[in-house]
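Below is one structure, written out as structure tokens; comments come after it.
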Amino acid sequence: MMKTRTDEEDYWNSSKYKAFTFDDEDDELSRLQESKRAVNSIRGLVDDEDNDEDDMERVSWSGEPVGSISWSVKETAASNQRTDRDPTPFPRISTDVANVSRGHSGYSLSSLFKGKMKGGNFQSFTDSLTDSSVRLYAPELRKPKSEYKDLVSDWSPEETVHRMQQGKVVSLEKFRSLHDKLLLLDFSVSAHDGNVITAILIYLKRTLSKEVLFRELESRQTALRHFIHYLTETRDQKLLLDLLRSLGRTEDTVLLQYKEHLNISDANKRRDFLKSCVSLPFSADDLAHVQDHFTLLDRQIIMEATDGQNEREGKVEIFQKFPRKAPIHNMPLIPTLHYSCLYHYSEAQQETFSSPLSLRHTFKISEKQFFVTALAARVKLKAWSDVDALFRSRNWLGFTRKKAPLGFHRVVDVLHKNAAPTQVLQEYVALVDDADLRISLAHKHKCHDIVINTYRDLKDRQLLLGYREKVESGSAAQKKIDELLENPQIRWKN
Amino acid sequence: MAHSARRDSPKLPDFSLLKRLAKDQLVYLLEQLPGKKDLFIEADLMSPLDRIANVSTLKQHEVDKLYKVEYKPIVSTSDQLCFLIRPRIKTVKWICDVANADKAAGRFRRYKIIFTPQKFYACESVLEEQGLFGDVTTDEWSFYLLPLDDDIISMELPEFFRDNFLAGDQRWVRTAGSTLHLLHSIYGPFSKIYGIGRCSKMVYESWREQVEEEETKARQAEIGNVFLIDRDVDFVTPLCSQVVYEGLVDDIFKIKCGCVGFGTDATSDKNVKVMLNSQDKVFNEIRNEHFSNVFGFLSQKARNLQTAYDKRRGMDIKQMKTFVSEELKGLKQEHRLLSLHISASETIMKKKTKQDFQEMLKTEHSLLEGFEIRECISFIEEHIIRLVSMIESLRLLCLLSITENGLLPKDYRSLKALFLQSYGVEHLLTFANLKQLGLLVEQQPGETLTAMESKVGKLVNDKTAGKLTDAFSSLAKKSNFRALSRKLNLVPKSDEEYNLRVPRDMAYIFSGAYIPLSCKLIEQVLERGGWTGLEEVTRLLNGHEFSVTGNNGADLRANNDAPRIVVVMFLGGCTFSEISALRFLGKEKGYKFIVVTTAITNSSRLLEALLENHMRPVNT
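Listed in order, the protein sequences are those of chains W and C.
Going by UniProt numbering, the first residue of the first sequence is number 1, and it counts up by one from there.
Going by UniProt numbering, the first residue of the second sequence is number 1, and it counts up by one from there.
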């Protein structure tokens, strides 16, 4: 650990990346805040900014620009909730006139669009715009019905695919031989048009037995992927499973089956389903995970039954003091452990289902995982004796010394995130090995004693003087600094 | 601000035309449906629609009420319902439910679906199956391209990425081809097209066929070159933390369709939605800057503003009058923008200092350099254990896998177990997806040898090619990142200081630690006028490169900017950092890049797209 941290320091102090550090926050941030103050202080002149809307968008209470579509949809939704008291869905559109003229193209739209723009025929429009005179553009008109009279005419598979790409009407019914069907499919694949590939697959699905279809797809990977995606989107789970099985894709098959549990909301049913998943041919590693998934949910159901009841009856103090946010069903393992460390920490014995130790044992939770999770939970509850106990370790002489399975800077981070008070933070900041890291953490968490003592030990009067400016005036820390500065016995190096 | 343009910049074509085109077509479609109607809009179409039209446009064409598609029974009392949707089976099924519920209740209405940008047969077949084909009529709104800024055009199709790269569904290939065709028809003809990636090739083909279907006329070209690139050519770049201002803002506040909601913590009072584009003068100057330069710039600006305001002291009435009429408005505008970006920077600072961002960056840089991998792994391990952020953990895992050409089986197993314990066993599905895409894989036994080979280069690729053809389930390919990085000098190894204020290359977008592979390829190909000399590189990228010169009546008379205008089309999304890098490259080499992308992406969007539905964070 020690080495890593030193390297890290070196790294950031090495010239290459020096130009950029976020943690230099004091300077940058204060500069920034200074700028902010400066900017805010000139508000006097600008306070009337609400009155001049001409150069900015009007924004409604929700932050959407008034007159925007998102805004209007919200208004509709809101007015529906207001049980239609207000008959108009658009209560205030103040910028109507301005908006219309702003974005207007200048053409009469209905005269411009005599027909529908088809297949990306933009040529004529472009010309009308590059020419300075306004030329109307009349794209391909909808074809009259009569043109389609020979629908079943003799388009070859290739021509058919081509027409489909252009969005024209075709009939696939005449392709009845397997040979023709596959030609269709192969042409669509070589045209790289997924839309058409899927269209043809839908036709093949309807007109071929699944055995034949699956067999042919096996040698057509692109088409196969489209088919799998189509079945996934239409949620044709059964056919998809058949397909994957017939292809011998065991891993995909079992994952697809396992995935089904996400659609089951009832905890008991989900548990039963997961139990059935355990017998699926997962790989050894994955099987262990799925087994854990089942065991965990099973245990959560038991814990929830007891805890929920205890909470409702108000018998157990901890649930009153720290009300639970939600049932614990479907929580991942580590959050469950965290929960257990919050509410069941005292059940030290492994026998109860809900105790942290029992969870740790059942799921083979590593020391580091356990330590971090328990630490966060006990700090959150301000159970300092438990926190102390986590660090206690005896060496062979019987002395106790604080030890942690991960760096103390991480410990400090966990403490800080769980709102530990400064005295506690100070105790652990002091244990950070790396001197530079220690001092920067001490700065960050305002552990004045550590900073002051470090500077005293360095005999650095200048740094101490500098720090005096940062602590609150009249505080204990400032007094301490003053005493040190006046202490004639210290030989300052500067 | 710090960059100096080497040559005069060519002028960009005017893309507002695209908006007008889309709007006019929408109006036409609405006019085809006379009478009052209620309009249901798909949630992810609302913002794009907002950019080209507004409520009054719709109202003028007899749209009565507007609703968001919410997959619930509807409350409309209108006799005509119009649905403006993406071509998705799920949405069409919902519309069928609505229509069939009406039928059952004996209620008669007219239904119209407008698919955008195009319809799919699979959607129509749902209508057919539900007995509604004909009762529900359909149309297409060819709204292919939304200009988000002067040099960014988006197809707003985030699902392109998952559909194409994960599912292997080519439904959007023709769409992308048509998109290119649209640009070609208006701003072409193109003279040179380069590309790399399977999808790029297909899109090129689709475009070419569409061009062949019609006659072309000689015109003055506005866009000369096109570069097509698949997202899976470079996954490393979008997985890196963004540190350029615009990218950071996207990572933290999520820019949606060119608009961002600075949350309550950024601006003290309320949630403000702001458009972020070149119109915002302050933003325009800092968007491409490394974040460390942004503070200095903003403070300087604040001081200048103060001075400008101070000028009014001691003015007489006449001077004051001129000041108010000429300068005040501009100053106020600037003042507003300035305080906005200062607040945003403040939030970014707070967020980033909170989550040991520095250590994270250090880990990323080590991974890119291939340095101290064990330390990186233990950082990732602790990151997972501490439940810092699921997506960030995944991001680091993927970055580790791609840069190392897969994880050692032992590491793969233990990190996967930790992840499942922290974030839920159902992420087995996520891991399967990541594996399929090649983003997070286990090194196969015997591959330690290939890692060696990749240094030597050659052998490995014939093997990879062989594997590709017989691997039936996976589109994944080996990343060969390390070898590519050496070949293209992606990780500057100099020990000298990298001055982020005066960047010397595109690496500045990642603090000088890495030149984005995607942009480096573009630079190299443009410089060489093709792939000649890059054979080794393309082999490491598994091929699919092309470079074609067109002879399609480009009018090359007169002094024309077209050859210096380059459209870069990212299939599967691009990040703001990449756009910044290209802007830098453009300034250095005298090009102007126009980025056309299926959607703006970043690491979290990319990874969230690979989660199964139920596990995606809800954010709409």
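Note that beta-carbon positions come from the ideal geometry of N, C-alpha and C, so glycine has one too.
Given the structure is predicted, the values throughout are model-derived calculations rather than measurements.
Collapsed DSSP secondary structure at residue i in the structure displayed
| i | result |
| --- | --- |
| C/E442 | strand |
| W/H329 | coil |
| C/S16 | helix |
| C/V596 | strand |
| C/D149 | strand |
| C/I186 | helix |
| W/F125 | Annotation note: pLDDT 39 at W/F125 (below 50); position unreliable, no value reported. |
| C/D411 | helix |
| C/R110 | strand |
| C/T403 | helix |
| C/M360 | helix |
| W/I490 | coil |
| C/R501 | coil |
| C/Q170 | coil |
| C/Y591 | coil |
| residue 621 of chain C | The question about residue 621 of chain C has no answer here: the residues shown for chain C are numbered 1 through 620. |
| C/R583 | helix |
Under 9 Å between C-beta atoms of residue i and residue j
| i | j | result |
| --- | --- | --- |
| W/L178 | W/E216 | yes |
| C/Q220 | W/I197 | no |
| C/L18 | C/L166 | no |
| C/V596 | C/T179 | yes |
| C/E545 | C/I196 | yes |
| C/K587 | C/I565 | no |
| C/D150 | C/L21 | no |
| W/K493 | W/L465 | no |
| C/H383 | C/A513 | no |
| W/D449 | W/K480 | yes |
| W/Q369 | W/I334 | yes |
| residue 504 of chain W | W/D193 | Because chain W is modelled from 1 through 494, residue 504 of chain W falls outside the range shown and cannot be assessed. |
| residue 624 of chain C | C/Q242 | The question about residue 624 of chain C has no answer here: the residues shown for chain C are numbered 1 through 620. |
| W/R438 | W/T454 | yes |
| C/I223 | C/A562 | yes |
| C/I380 | C/T363 | yes |
| C/G177 | C/W141 | no |
| residue 623 of chain C | C/F227 | Nothing can be reported for residue 623 of chain C: it is not among the residues displayed for chain C, which extend from 1 to 620. |
| W/V254 | W/L274 | no |
| residue 495 of chain W | W/L406 | Limits of chain W in this structure are 1 at one end and 494 at the other, which puts residue 495 of chain W out of reach. |
Whole-number beta carbon distance between residue j and residue i, since they are thought to touch under 8 Å
| i | j | result |
| --- | --- | --- |
| W/V424 | W/L415 | 6 Å |
| C/F291 | C/V260 | Not confirmed; about 16 Å, so no contact. |
| C/I52 | C/K23 | 5 Å |
| C/L33 | C/L84 | Wrong, their Cβ atoms sit about 11 Å apart, outside the cutoff. |
| C/G247 | C/F576 | 4 Å |
| C/L541 | C/F235 | Actually they are not in contact, since the Cβ atoms of C/L541 and C/F235 sit about 12 Å apart, beyond 8 Å. |
| C/A122 | W/A199 | 7 Å |
| C/L415 | C/L407 | 7 Å |
| C/F190 | C/H184 | 6 Å |
query = Which full runs of the alpha helix (DSSP H) of 4+ residues lie inside the segment 513 to 565 of chain C, going along the chain?
reply = Counting only runs of 4 or more residues that sit fully inside the segment 513 to 565 of chain C, the alpha helix (DSSP H) segments are 517 to 528, 535 to 540, in chain order.
* **Runs of alpha helix (DSSP H) lying entirely within the segment 202 to 284 of chain C, each at least 4 residues, in chain order** => 236 to 239, 245 to 253
Requested in this report: May I ask you to verify whether the segment 420 to 429 of chain C touches the segment 384 to 403 of chain C, counting CB pairs closer than 8 Å and requiring at least 3?
Outcome: yes
inquiry  = Assess contact between the segment 427 to 434 of chain C and the segment 603 to 613 of chain C, defined as three or more Cβ pairs (one per stretch) separated by less than 8 Å. Is contact present?
reply    = Judged by Cβ distances under 8 Å, the segment 427 to 434 of chain C makes contact with the segment 603 to 613 of chain C, as three or more pairs qualify.
- Item | beta strand (DSSP E) segments (min. 3 residues) lying fully within the segment 271 to 347 of chain C | 272 to 275
**Prompt:** Counting Cβ pairs, one atom from each stretch, are 3 or more of them under 8 Å apart for the segment 325 to 343 of chain W and the segment 354 to 371 of chain W?
**Reply:** yes
Q) If you pair each beta-carbon of the segment 357 to 377 of chain C with each one of the segment 396 to 407 of chain C, do three or more pairs fall below 8 Å? A) yes
* Contact the segment 108 to 127 of chain C vs the segment 56 to 70 of chain C: 3+ CB pairs below 8 Å -> no
* To do: Output the residue ranges of the alpha helix (DSSP H) runs that lie fully inside the segment 286 to 315 of chain W and measure 4 residues or longer, sorted by chain position.
  => Positions of the alpha helix (DSSP H) runs, each at least 4 residues long and wholly inside the segment 286 to 315 of chain W, cannot be given because no such run exists.
Which complete alpha helix (DSSP H) runs does the segment 173 to 233 of chain W hold, if anything under 4 residues is left out? 178 to 190, 194 to 207, 210 to 218, 221 to 233
Are at least three pairs of beta-carbons, each pair with one atom in the segment 54 to 64 of chain C and one in the segment 156 to 166 of chain C, less than 8 Å apart?
Taking one beta carbon from each stretch, the segment 54 to 64 of chain C and the segment 156 to 166 of chain C have fewer than 3 pairs nearer than 8 Å; the two do not touch.
**Prompt:** For the segment 41 to 125 of chain C, which segments carrying the alpha helix (DSSP H) assignment without a break, of at least 4 residues, lie completely within its bounds, in sequence order?
**Reply:** Runs found: 43 to 52, 55 to 60, 89 to 104.
Could you tell me whether the segment 238 to 258 of chain W touches the segment 206 to 225 of chain W, where touching means 3 or more Cβ pairs closer than 8 Å? yes
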